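One structure below.
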Amino acid sequence: MTPMKLETRHKIARFFQYFVLIVVGFVMIYPLLWMIGATFKSNAEIFTSIGFIPTNPTLDGYIAAVTQNYGGDINIWRAFLNTYSYVIPKVIFTVISSVIAAYGFSRFKFKGRDVLFSIMISTLFLPQVVLNVPQYLMYNTFGWINSPLYLPLWVPTLFATETYFVYQLVQFMRSIPHDLDEAASIDGCGPVKILYKIICPMLSPSLVACGLFQFMWSCNDFMGPLLYVTTPTKYPMSIFVKLSMDGDTGFNWNRILALSLISIIPQLIVFFAAQDAFIDGIAAGSVKG
Amino acid sequence: MKKAIALALAGVMSVGLLAGCGSSGSSSSGAASESATGETSATTASDSGSGSGDLSISWWGGDSRHTAYQNALAAFTEETGIQVSTHYGAWSGWEDQTSAALYSDNAEDVMQVNWNWLSQYSGDGSKFVDLNEYSDIIDLSQFPQSTLDACTVAGKLQALPVSMTGRIFYWNMNTFKQAGIEEVPSTLDDLYAAGEAFKTNLGDDYYPLALGEYDRMLLMTFYLESTYGKPWVEDNTLQYTVEEIATGIDFIQSLEDNHVIPSLQTMNAAGIDGNNSIDKSEQWINGMYAGIFEWDSSATKYQGSLADPSGFTVGNEIKFGDKANGGFSKVSMGLAITETCQDKEAAAKLINFLLNGDGASIMGSECGIPNSASGLAAAEAAGAVDELVLEANTKVMAFVDFQLDPTYESNDLKANPGGVYTDVFGGYSYGEYADSTEAATDLYDGVTEALEDAAKG
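From first to last, the protein sequence lines are chains A and B. Read in my numbering, the first sequence has 261 at position 239, and its numbers run on one by one without any break. Read in my numbering, the second sequence has 564 at position 266, and its numbers run on one by one without any break.
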């Protein structure tokens, strides 16, 4: 037997690499595919078949998803509008306030900094459930419950309350050499200018990551809107999707799944759009570094 | 330079938003839902009709209930000129929202409440209005005294029962006919015979009845109350000894041994557990499990999930012993007026309209079979009552002869996974106990502890 040519061996190796990747990838993405298939199925089929191609495809789920309007109170488009009317400010303010807080912790020495930092980190381990009741009572005294501007949902983010992002940005900022700040200050930059001229551009991949995470978490947040939004016309998507999910009487799952699918489309678009910026940022950093 | 402009723009935007929030914060500090800030967004301005009103009401449910309430409220506004603003959603998370609202005096004027909320959130009577004070507006005589008593907590009639519900058997007669059985089972022997027939004629995978952990607990209570003729709990004390409870556990086991019900291991393997009810299983949908013991109000869900719903039949209650019929019904939900309501008379009018008046004909059986006599008559006249649920409800109410203890459904007992019922019946079915007495001891201790906790408040 003659030894295999190097090229052939490479091809075989490549084949197996791709084979494994495709199989694992398929297993990972199958639930999403199944969900898309299930939007065209009836309840009975959803619970009895694992295949994702529907045997008796129906568009009822989609039709119901876009036409259901609860007596004119709320429909899918308004729910979208409502969602983004507080998610977008939330994302912007989270990024801005977190950067400022992280800048303070990583670049300035002030009295009690370490203590404050450890207090902040400790809030990272505080589950949201514990905060629900005291926060609710506080917003209640402000008169913010059912605020038409969704105040309880986005105002806190003005104050860098998302510890996770502050922590992440502090870590990133630590990796940016202080020499750059010093060079900038010799050139006449003040602390504020250093932040947005020098640090922010270098942080951009991490800022995009913060924005992305906050965007997804906020879109998916159910408990916040449930507690603070009590007017049906103001319901966001996360509440709207669940409106008809009543355990007692049952409901058409295809509609819920169609609704869920439509509701994640903007998130997917934002994710893929931001992914480019994210990867660009990393690549640019690596070359310069 | 570009970045500087972007930052400046972001800054301006944030200042603008801040300014906006500042003004709205001060103007809306009193009444949160008023439209003082309406001009800031076109969406609220166009829809002030449902956003603000003289009264507010909250409920949970599915689409059809939402629609029924909306139609009934529209009719109420037409009749009285009172505007009603609404707050509704699905059950999941609803109690969290409601409890927060109740504790902070933020709740809607009229609330659809669960029966146990009355003792749980207003055990001292501080949250809900005593409806006896409005008996000139609400016709209380339409309700049976026993259900009014059940809603009387801390000496106040805190809610009016919308409907009563209880457990009953439902059968998929298509499968029964395949097994050669034409009649719905009406006695314990019928059940055993069905188990045998299913096994021999259809195979090991077919069962005439499927019971989860909590279903087993309920059926055992029916059995014990019928056999011994005494309530499960009275005066906050468990009325049964360990030996008596052991006979009940043996009874459930006899169903399993005679192929009447699948073991919990079999059911769990089929994907049925605390998170997935029987109606979502392939075995139920395709008729391999041909019976359930469920709340009368859940009939439509189980019927609707069947691949072939034509054989779905309301069964008969089965009398297991000779001392009593056994079993209980409970208030499934009520309507209450919160103490924070500004216009309690209007709220009372609304409740009377929904339960006794024209509203009842629009609500139909959306919240269960109306408990109010005139409400049921109006709903039936309007053809808004689900026949299946009505048949089941009528059978349950005619049969059961005991009261439900409020602790029976406490989370410590009922939770799946983790509750006492789940642990005992799951453990016994999985063979984790040496004998039924050991399982009965665990159940006895668990229930006694829950009752003591409830007594402490």
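Where a beta carbon is used, it is the ideal one built from N, C-alpha and C, also for glycine. Since the structure is predicted, the reported quantities are computational estimates derived from the model, not experimental observations.
- Item | Interface partners of A:Thr252 on chain B, CB under 7 Å | His385
- Message: Considering only DSSP beta bridges, list what B:Glu592 is partnered with.
- Response: B:Ile466
- Item | B:Leu702 and B:Lys628 closer than 7 Å at C-beta | yes
- Helix, strand or coil: which one does DSSP assign to B:Gln701? strand
- Using a Cβ-Cβ cut-off of 7 Å, state whether A:Tyr158 counts as contacting chain B. yes
- In chain order, which beta strand (DSSP E) runs of at least 3 residues are fully inside the stretch 364-405 of chain B? 382-387
- Item | Distance, B:Gly464 Cα to B:Phe626 Cα | 6 Å
- Can you find a CB in chain A that lies within less than 7 Å of the CB of B:Thr539? no
- Item | Nearest neighbour of B:Ser256, chosen from B:Phe723, B:Ser397, B:Tyr386 [CA to CA] | The requested residue 256 of chain B is not part of the displayed model; chain B covers only 299 to 755.
- Item | Buried/exposed call for B:Ser322, threshold 16 Cβ in 10 Å | Only weak support exists for where B:Ser322 lies, its pLDDT of 36 falling under 50; the coordinates are left without a value.
- Return the Cβ separation of A:Thr145 and A:Thr185 in integer angstroms, given the expectation that the two are a contact with Cβ distance under 8 Å. 5 Å
- Simplified DSSP assignment, three categories, for B:Gly320: No answer about B:Gly320 holds up, because its pLDDT of 35 lies below 50 and its placement is not dependable.
- Message: Measuring only the C-alpha atoms, how far is B:Cys319 from A:Pro170?
- Response: Bear in mind that a pLDDT of 38 at B:Cys319, under 50, signals an unreliable position, so the model cannot answer this.
- Message: Looking at the strands, I want to know which residues DSSP matches up with B:Tyr505.
- Response: B:Tyr587
- Item | Own chain residues within Cβ distance below 8 Å of B:Asp422, not counting five before or after | Ala452
- Boundaries of the beta strand (DSSP E) in which B:Ser630 is found, first to last residue: 626-635
- When we look at the beta-carbon of B:Ala567 and count the other beta-carbons within 10 Å, is it buried (16 or more) or exposed? exposed
- For B:Met757, count neighbouring C-beta atoms within 10 Å of its own C-beta (all shown protein chains included) and say buried if the count is 16 or more, exposed if not. Outside the displayed range of chain B (299 to 755) lies residue 757 of chain B, so it cannot be described from this structure.
- Locate the beta strand (DSSP E) running through B:Thr598, then write down its first and last residues. First-last for B:Thr598: 597-603, but that is the alpha helix (DSSP H), not the beta strand (DSSP E).
- Query: Touching or not, the stretch 593-606 of chain B and the stretch 508-522 of chain B, by the rule of three or more beta carbon pairs under 8 Å?
  - Reply: no
- Message: So with CB distances below 7 Å, who are the chain B contacts of A:Ile261?
- Response: Gly387
- Same chain, Cβ closer than 8 Å to B:Ser603, five either side skipped, listed in chain order: Asp577, Lys578, Trp582, Ile583
- Message: Let's test the definition: count the other Cβ atoms within 10 Å of the Cβ of B:Met299 and tell me whether it reaches 16, buried, or not, exposed.
- Response: Low confidence applies here, because B:Met299 scores a pLDDT of 47, under 50, leaving its location unreliable; read the following figure in that light. The residue in question, B:Met299, is exposed, as its Cβ has fewer than 16 Cβ neighbours within 10 Å.
- Starting from B:Phe610, trace the beta strand (DSSP E) both ways and give me its first and last residue. 610-612
- Message: Can you check which of these residues, A:Tyr52, A:Thr80, A:Ile141, A:Ser240, is closest to A:Gln289 by C-alpha distance?
- Response: A:Ser240
- Item | Expected contact under 8 Å - CB spacing of B:Glu615 and B:Ile479 to nearest Å | About 18 Å; that fails the 8 Å criterion.
- Query: So, is A:Pro199 buried or exposed, given that buried needs 16 or more other C-beta atoms within 10 angstroms?
  - Reply: exposed
- Query: Who are the near neighbours of A:Ser119 in its chain, counting only those whose CB is closer than 7 Å to its CB and skipping five residues on each side?
  - Reply: Thr179, Leu180, Phe181, Ala182
- Item | Collapsed DSSP secondary structure at B:Pro459 in the structure displayed | strand
- Message: Do B:Asn414 and B:Ala753 have their beta-carbon atoms positioned less than 7 Å apart in this structure?
- Response: no
- Query: Mind checking A:Ile291: buried by the 16 CB within 10 Å criterion, or exposed?
  - Reply: exposed
- Message: Check whether the stretch 227-240 of chain A and the stretch 549-559 of chain B touch, using three or more Cβ-Cβ pairs below 8 Å as the test.
- Response: no
- Task: Indicate whether at least one CB of chain B lies closer than 7 Å to the CB of A:Lys27.
- Result: no
- Item | Residues within the stretch 64-85 of chain A neighbouring chain B, beta-carbon criterion of under 8 Å | Asn65, Ala66, Phe69, Thr70
- Item | Integer Cβ distance of B:Ile635 from B:Phe426, believed to fall under 8 Å | 7 Å
- For chain B, find out if any of its Cβ atoms is closer than 7 Å to the Cβ of A:Met267; answer yes or no. yes
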